[in-house]
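Data first, discussion second: the structure below is written as structure tokens.
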Amino acid sequence: MARQLAAAGHAIVDSPEQADVCVVNTCAVTAEAERKARHYLSGLARANPQARIAVVGCYATLSPRQCAGFPGVSWVVPNADKEWVVEMVVSSPSPSPLSLSLEHGEGGRTRTRAFVKVQDGCDNRCTYCITRLLRGPARSRPLADVVAEVQALVDAGGREAVLTGVNMGSYGRDLGLPGGLRPLVEALLAHTDLERLRLSSLEPWDLDEGFFRLWENSRLCRQLHLPLQAGCYETLHRMGRRITTGEFARLVEAARVAIPDLAVTTDVIVGFPGEDEAAFRAGYDFVAATEFARLHVFPYSPRPGTAAIRLPGRVARQVGEARARQMRELGAQQAFRFRQRFVGREMAVLWEQRQRDGLWAGLTDNYLRIVTSTANDLHNRLTTTWLLAVQNDHLVGEVIG
Ligand code: SF4
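All residue numbers for the sequence shown refer to our numbering, where the first residue is 109 and numbers rise by one.
What follows is the structure, encoded as structure tokens:
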């Protein structure tokens, strides 16, 4: 949206106070995400009472009336109409030039790393999931469109693209393209000059071992986000996930053999209905044995209209939160160990921005966040960097080339 608006001649501003129009892209994946959207919307009108607000995304789809009730809201745009947001906002009368503040997203701001959506929607039936209900069936963008968009990003100075989608592994099925995501990745590597291509979340059952051969091309970033959701066999089954813990473990093993220094990151839900202490322990042990580079932990959030809401064995909120704390602690230890492995190594870092503390921050291809101190402008530069030490959630590095 930001790119389209900028292309139409509008200015993207840094804060809502400066904007004529604010586009707020909302999430509804958990009750907490909804609460944050509400909190944000109520603060926005106070920050800039003149601004007109467009609420888009999953919360706008789930609760359009509630969204319309916030002060300053001129448009509530459900997911089905999301592609028209730019036209709606631009075609209605407003002061000129139109300035927009984009919140909850970095699209359009950084040309270092851009997100490119390749599909939307999902045909799976995970029992806890409201996303598939709000986003509808899987639909893919034509391959040639994605290739053209990525090359346009490169022409505008971009060095890294991150492919995104609700269920990206199903890419191409609705278009009758055989081979899933693989032909798209191959086309992007063959027909664009992109230096780094990163894949966002992929459901593990959409991959086979042959998929990992794509990483013979070093322009593909060595990071795989494979949502596990539960490390307990029975819980996974009740979640309606199309994989077993054994299959997941074998897939991760094959990926690690094929791709040295790979970062495997994941999502885990704790406190799912029926998760007793033994099931939680089994899940914890599985995560401990798998050793992830980063772990996103969510306490189960019952969502209206999903199958899981009717399952017996509801876990008390305090129990779910205590399990989330334990799991997050394990995730922090694993992330620390992953970073520690790279101390003393030289790696390529794509520098993104100078932080408030004056230090530059960037990423390695395997998703290590690196921070360095220099007077030089490193924005959008790809440098060889010596990794010196782990500090909090990042590594400290020194640019050497
Ligand atoms: S794969 Fe499962 S969790 Fe992911 S969007 Fe589809 S139904 Fe939801």
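All residues carry an ideal CB built from backbone N, CA and C; glycine is no exception.
In the three-state DSSP reduction, F406 falls in the strand class (E or B). Straight-line measurement puts the Cα of R445 at about 42 angstroms from the Cα of L113. In the DSSP assignment, M435 falls within the alpha helix (DSSP H) that extends over R425 to Q448. Contact between V198 and A116 holds: CB atoms are separated by about 6 angstroms, below the 8 angstroms threshold. In this structure, DSSP gives T235 a state outside helix and strand, which the three-state scheme calls coil. Counting the other Cβ atoms within 10 Å of the Cβ of E125 gives fewer than 16, which makes it exposed.
Remark: three or more beta-carbon pairs, one from each stretch, lie closer than 8 angstroms, so the region 305–322 and the region 283–292 are flagged as touching.
Non-local beta-carbon contacts of L302 in its own chain, meaning distances under 6 angstroms to residues more than five positions away in sequence, involve V258, V262 and A269 in chain order.
Residue range R221 to K225 is occupied by the beta strand (DSSP E) that includes F223. Not one heavy atom of the ligand SF4 falls within 6 angstroms of the beta-carbon of V131. In this structure L283 is exposed. Its beta-carbon is surrounded by fewer than 16 other beta-carbon atoms within 10 angstroms. T220 counts as buried, since at least 16 other C-beta atoms from the protein chains shown sit within 10 angstroms of its C-beta. A check of alpha carbon separations from G265 across N474, E460, I478 and W494 identifies E460 as the nearest. The Cβ-Cβ distance between G421 and P381 falls below 7 angstroms.
Secondary structure note for A110: its alpha helix (DSSP H) is the uninterrupted segment A110 to A115.
For E311, the shortest separation between its Cβ and any heavy atom of the ligand SF4 lies below 6 angstroms. Going by DSSP, H333 is part of the beta strand (DSSP E) stretching over Q331 to H333. Excluding its 5 nearest sequence neighbours in each direction, A168 has C-beta neighbours in its own chain below 7 angstroms: T134, C175, V184, V185 and P186, listed in chain order. Taking 7 angstroms as the cut-off, the beta carbon of A371 is found closer than this to the beta carbon of Y475. For D316, no beta strand (DSSP E) run applies, since DSSP gives it neither H nor E.
The count of Cβ pairs closer than 8 angstroms, one atom from the region 398–410 and one from the region 434–443, reaches three, so the stretches are in contact. Boundaries of the beta strand (DSSP E) around L495: L490 to Q499. Distance check between T398 and each of A362, V378, R411 and R143 places A362 closest, using alpha-carbon atoms only. Looking at the backbone, the Cα of V255 and that of E294 are separated by about 10 angstroms. With respect to Q227, G273 sits close: the two C-beta atoms are nearer than 7 angstroms. In the structure shown, E399 falls within a coil segment according to DSSP collapsed to helix, strand and coil. Shortest gap from the CB of V274 to any heavy atom of the ligand SF4: under 6 angstroms. Residue environment analysis places N275 among the buried positions, since at least 16 neighbouring C-beta atoms fall within 10 angstroms of its C-beta.
In this structure D485 is exposed. Its beta-carbon is surrounded by fewer than 16 other beta-carbon atoms within 10 angstroms. E355 carries a helical assignment under DSSP once its states are collapsed to helix, strand and coil. Scanning the region 139–204 for uninterrupted alpha helix (DSSP H) segments of 4 residues or longer gives 139–155, 166–170, 172–176 and 193–199, listed from N- to C-terminal end. DSSP, reduced to helix, strand and coil, places Q259 within a helical segment of the structure shown. Taking the Cα positions, L495 is about 34 angstroms away from P407. Cβ neighbours of G165 within its own chain (closer than 6 angstroms, five residues either side excluded): N133 and T134. Secondary structure at T343: helix, using DSSP grouped into helix, strand and coil.
Relative to the ligand SF4, the nearest heavy atom lies less than 6 angstroms away from the CB of N232.
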